[in-house]
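Same order as they appear, the protein sequences are chains S and X.
Going by our numbering, 93 is the number at position 91 of the first sequence; the sequence numbering is gapless.
Going by our numbering, 84 is the number at position 1 of the second sequence; the sequence numbering is gapless.
Built from N, CA and C at the ideal position, the CB exists for glycine as well.
Every value quoted in this text rests on a predicted model; they were computed, and no experiment measured them.
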Amino acid sequence: MVNRIVTGAHYGLRDWLAQRITGLIMAVFSLILLVYFVSQPAITYPSWKALFERGWMRVATLLFAASLAWHAWVGMRDILMDYIKPTWLRLSMEIGVLVVLALYLGWTVQILWR
Amino acid sequence: MSSAAAKKARPKYLSLTALLFEIRLPLPGRVSILHRISGLLLFFPLAAWLLYLLDVSLASQEGFDRIREHYLNLPIAKLGLLLFVWAYAHHFCAGIRFLFLDIDKGTALKTARATSLAVIVVSLAVTVFVGVKLW
């Protein structure tokens, strides 16, 4: 740490890495779900409900939702940093993104453990 | 001398309008900006819409039937689904491509262009396939 300018921010490696890992997690989950959709001749309500009542599927879906929240936070923050110049507006929009992602997560938990 | 240099047009910043209307991007650039646009669309409104569909379809048999028999037969809902499929497919394929670029695979110009074309073609093909199935 030589002459590092203290900005209060970290330098982005963790976010960069997290975005890649969460992306991979979501890609794997997507492929599993795709295989399920293709292998089922017709999706009925009982089979659809049964799918999301399996313990591993609930955990996997929650993992997907959490990955999405982290992944989308990094991505949206990148977009906002690039295009929204006034600090007050960017900060407000970043807070908006976080609130929306928290709502998504809460909603997902509610759907899965109803 | 220096005043003549000062009068020269300043280089442009990469503003959104410049990206959209002034700069003609090469194919890998198009994949990149479409990755952003599809990501934005997936974050909002598509994720919220899909959560709504999941919520209603899992809540009860009636909800499932309503989504399946009526709601998803509306042309606007089909278009929304198609937009989702394109955005997801593009974001997925371009994301895989970026992961390979991160580990220095496919960075040669020729390969980078070829994989960019592949990303665009594959995601459009998936979208067309689902579109044909829907209609």
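Over what stretch of residues does the alpha helix (DSSP H) that includes residue i continue unbroken?
i, result
"Ser32(S)", "Leu15 to Ser41"
"Glu145(X)", "Gln144 to Asp148"
"His173(X)", "Pro158 to Asp185"
"Ser199(X)", "Leu192 to Leu217"
"Arg113(X)", "Leu110 to Leu124"
"Ala52(S)", "Tyr47 to Leu53"
"Leu91(S)", "Thr89 to Leu114"
"Val66(S)", "Just to set this straight, residue 66(S) is Phe in the shown sequence, not Val. Residues Gly57 to Tyr85."
For residue i, which residues of its own chain have a beta-carbon under 7 Å away from its beta-carbon, when the five flanking residues on both sides are left out?
i, result
"Val204(X)", "none"
"Leu184(X)", "Thr190"
"Ile150(X)", "Leu136, Val139 and Ser140"
Spatial neighbours of residue i within its chain, please: C-beta separation below 6 Å, excluding the five flanking residues on both sides.
i, result
"Val61(S)", "none"
Please report how far the alpha carbon of residue i lies from the alpha carbon of residue j, in whole angstroms.
i, j, result
"Arg79(S)", "Tyr47(S)", "38 Å"
"Gly146(X)", "Arg56(S)", "20 Å"
"Ala208(X)", "Leu200(X)", "12 Å"
"Pro128(X)", "Tyr106(S)", "11 Å"
"Ala20(S)", "Ile186(X)", "15 Å"
"Phe126(X)", "Gly214(X)", "22 Å"
"Val202(X)", "Arg196(X)", "10 Å"
"Phe212(X)", "Trp90(S)", "44 Å"
"Met95(S)", "Ala71(S)", "15 Å"
"Leu33(S)", "Pro88(S)", "40 Å"
"His73(S)", "Leu162(X)", "26 Å"
"His173(X)", "Leu164(X)", "14 Å"
"Ser41(S)", "Ala67(S)", "24 Å"
"Trp50(S)", "Trp218(X)", "23 Å"
Please classify residue i: is it buried, with 16 or more other beta-carbons within 10 angstroms of its beta-carbon, or exposed?
i, result
"Ala104(S)", "exposed"
"Met83(S)", "exposed"
"Val99(S)", "buried"
"Met84(X)", "Residue placement at Met84(X) is poorly supported in this model, since its pLDDT is 46, which falls under 50; the coordinates still yield a value, given next. So Met84(X) counts as exposed."
"Thr24(S)", "buried"
"Leu219(X)", "The question about residue 219(X) has no answer, for chain X in this structure spans 84 to 218."
"Thr100(X)", "exposed"
"Arg116(S)", "exposed"
"Ile113(S)", "buried"
"Phe39(S)", "exposed"
"Thr110(S)", "buried"
"Gly222(X)", "Within the shown structure, residues of chain X are numbered from 84 to 218, placing residue 222(X) beyond reach of any answer."
"Arg276(X)", "It is not possible to answer for residue 276(X), since the shown part of chain X is limited to 84 through 218."
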